[in-house]
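S.K.: Protein chains in written order, with my numbering: chain A, 1 to 200; chain B, 1001 to 1200.
Where is the CB? At the ideal position from N, CA and C, for every residue including glycine.
Protein chains: 2
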Amino acid sequence: MTAALPNLKNYLQSKAGITEEQFEALTQNLKTATIEKGGILLQQGEICHHSFFVEQGLLRSYTIDDSGKEHIIQFATENWIISDRSSIFFNEPSDFFIDAVEPTTFVYLDQQFIHKASEISAAFRIFNEKALQNHIRHLQKRINLLLAATAEQRYLDFIKLYPDVTLRVPQWMIASYLGITPESLSRVRKELAKRNFKPY
Amino acid sequence: MTAALPNLKNYLQSKAGITEEQFEALTQNLKTATIEKGGILLQQGEICHHSFFVEQGLLRSYTIDDSGKEHIIQFATENWIISDRSSIFFNEPSDFFIDAVEPTTFVYLDQQFIHKASEISAAFRIFNEKALQNHIRHLQKRINLLLAATAEQRYLDFIKLYPDVTLRVPQWMIASYLGITPESLSRVRKELAKRNFKPY
DNA sequence: TGCATTTCTTATCCTAGATCAATGCCTAAA
DNA sequence: TTTAGGCATTGATCTAGGATAAGAAATGCA
């Protein structure tokens, strides 16, 4: 059931301070899966029971509003974890969809995994707390950008922060993340090109 | 040094599961202060060392952008805690200002207080974790509103969520929180009145 | 290789909300 | 009881970005 998962192993060891033996014990009965592009992992209204660690590929979470428009909340490439924390923690229906932007291999991480890892590793506890706080910092920054920055500034911030994502997802998804239309993003890019802006 | 603090006491006992004796022990050497309207508790660029529990009054946190405009992040009335979590946790300069919208009596809560309370009370640990997760849920919802909702929808959400704040702060502050100008908010309200909307 | 589906761009027009400016509040200080 | 500094409202005008529509360019798939 558990395939090689080199990314997960490296991630837990180098970032979360998990040792070789701890890794073996922890990942004994983890479930792994692969979905095709467009495959859905979580639907709005469902209770989210897992975090998804991206071993290979690209996932996204998004909401759909009353008028049917998608609003992308997060992207997750290799070595990222995506989920709906609130749905998991409060055991309530999720506002989000999570689906695959690319064919993706991922690992199901449930609360039991987190508890077990926290139990056997102080380093993991610290890592986990740090991840939580980092999440808050990130959300806070995004709110501030939405309140204070223009579409262009938000786009520049995005490509600086997520150069890899920028190259791997269609532009309309970036536009959705930024809170603008694909047409507007196209114009922003045109304007930047005119001013001879070179991201790479 | 520690005055009566009926709100803090009631808050810790009823919400955080702290007993009478624990309360006495914990609040032994807490610092309390009162500031006048407009008084500043935290400046952008400073490292935030405390959370502020509002015993009586009203505080707010906000950023100031490059063009000098304020963007309100949060309001805190009685029994709310306000701070810059990221600055505290990562020990890095804050992006926020925190100041008093009304004359305010508040309590300084530092990390030591949190640790001590967590040590002596399992209920407090759970409460604290829940508060953190709630914070994330709240930020997430706000991002979603900024991405998906009109100024009017955001305003209606605000007055439903914070009826007390709505009545106690000037409208331009609500506008700032919503990410619009005071003029726009005035027009939104006029439009709502025309459609015979009654908040109270 | 060739057709079909996405995606991206461009153009035109439109609208929510911004900006600027003037007026009339209140309230609090003098 | 003035007067001055916030604050809210209103009107006129402007603009960033939205909506719509139509090509152009990629991309994927047969």
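Can you pull out the residues from the region 1076-1106 of chain B whose beta carbon lies closer than 8 Å to at least one beta carbon of chain A?
M.R.: Hits within the stretch, in order: R1085, S1086, F1089, F1090 and D1095.
S.K.: Go through its chain and collect everything with a Cβ distance to D1065 of chain B's Cβ below 8 Å, but skip five positions before and after it.
M.R.: Taken in chain order, the residues that qualify are H1071.
S.K.: So what does K1031 of chain B bridge to, in DSSP terms?
M.R.: DSSP output for K1031 of chain B lists B:Y1108 as bridge partner(s).
S.K.: Would you please verify whether the beta carbon of L1139 of chain B is less than 8 Å from any beta carbon of chain A?
M.R.: It does; some Cβ of chain A falls within 8 Å.
S.K.: If we count the other Cβ atoms within 10 Å of its Cβ and call it buried at 16 or more, is R1142 of chain B buried or exposed?
M.R.: So R1142 of chain B ends up on the buried side.
S.K.: Let me know if R60 of chain A comes out buried or exposed under the rule of 16 or more other beta-carbons within 10 Å of its beta-carbon.
M.R.: So R60 of chain A counts as buried.
S.K.: Could you list the residues in the region 156-184 of chain A with a C-beta less than 7 Å from some C-beta on chain B, going in chain order?
M.R.: Within the region 156-184 of chain A, the residues whose Cβ lies closer than 7 Å to some Cβ of chain B are G179, listed in chain order.
S.K.: Taking a contact to mean a Cβ-Cβ separation below 8 Å, would you say E55 of chain A touches N7 of chain A in this structure?
M.R.: Yes, Cβ-Cβ distance for E55 of chain A and N7 of chain A is below 8 Å.
S.K.: Leaving out the 5 sequence neighbours to the left and right, which residues in its chain are closer than 7 Å to P1182 of chain B when beta-carbon positions are compared?
M.R.: The residues are Q1171, W1172 and A1175.
S.K.: For I1040 of chain B, does the three-state DSSP call read helix, strand or coil?
M.R.: In this structure, I1040 of chain B counts as strand in the three-state DSSP scheme.
S.K.: Check the DSSP bridge columns for S61 of chain A and list the partner residues they point to.
M.R.: DSSP lists A:Q74 and A:I98 as partners of S61 of chain A.
S.K.: Across which residues does DSSP place P1093 of chain B in a beta bridge pair?
M.R.: Paired residue(s): B:I1047.
S.K.: Going along the chain, which residues of its own chain have a beta-carbon closer than 7 Å to the beta-carbon of C48 of chain A, five neighbours each way excluded?
M.R.: Taken in chain order, the residues that qualify are L42, S83, D84, S87, I88 and S94.
S.K.: For H115 of chain A, count neighbouring C-beta atoms within 10 Å of its own C-beta (all shown protein chains included) and say buried if the count is 16 or more, exposed if not.
M.R.: Exposed, by the Cβ-count rule.
S.K.: For D164 of chain A, I'd like the list of residues in its chain whose CB is within less than 7 Å of its CB, leaving aside the five on either flank, ordered along the chain.
M.R.: Around D164 of chain A: T77.
S.K.: Is the CB of H1135 of chain B under 8 Å away from at least one CB in chain A?
M.R.: Cβ-Cβ to chain A under 8 Å: yes for H1135 of chain B.
S.K.: Where do the N-terminal and C-terminal ends of the alpha helix (DSSP H) with Y11 of chain A fall, by residue?
M.R.: Run containing Y11 of chain A: P6 to S14, per the alpha helix (DSSP H) assignment.
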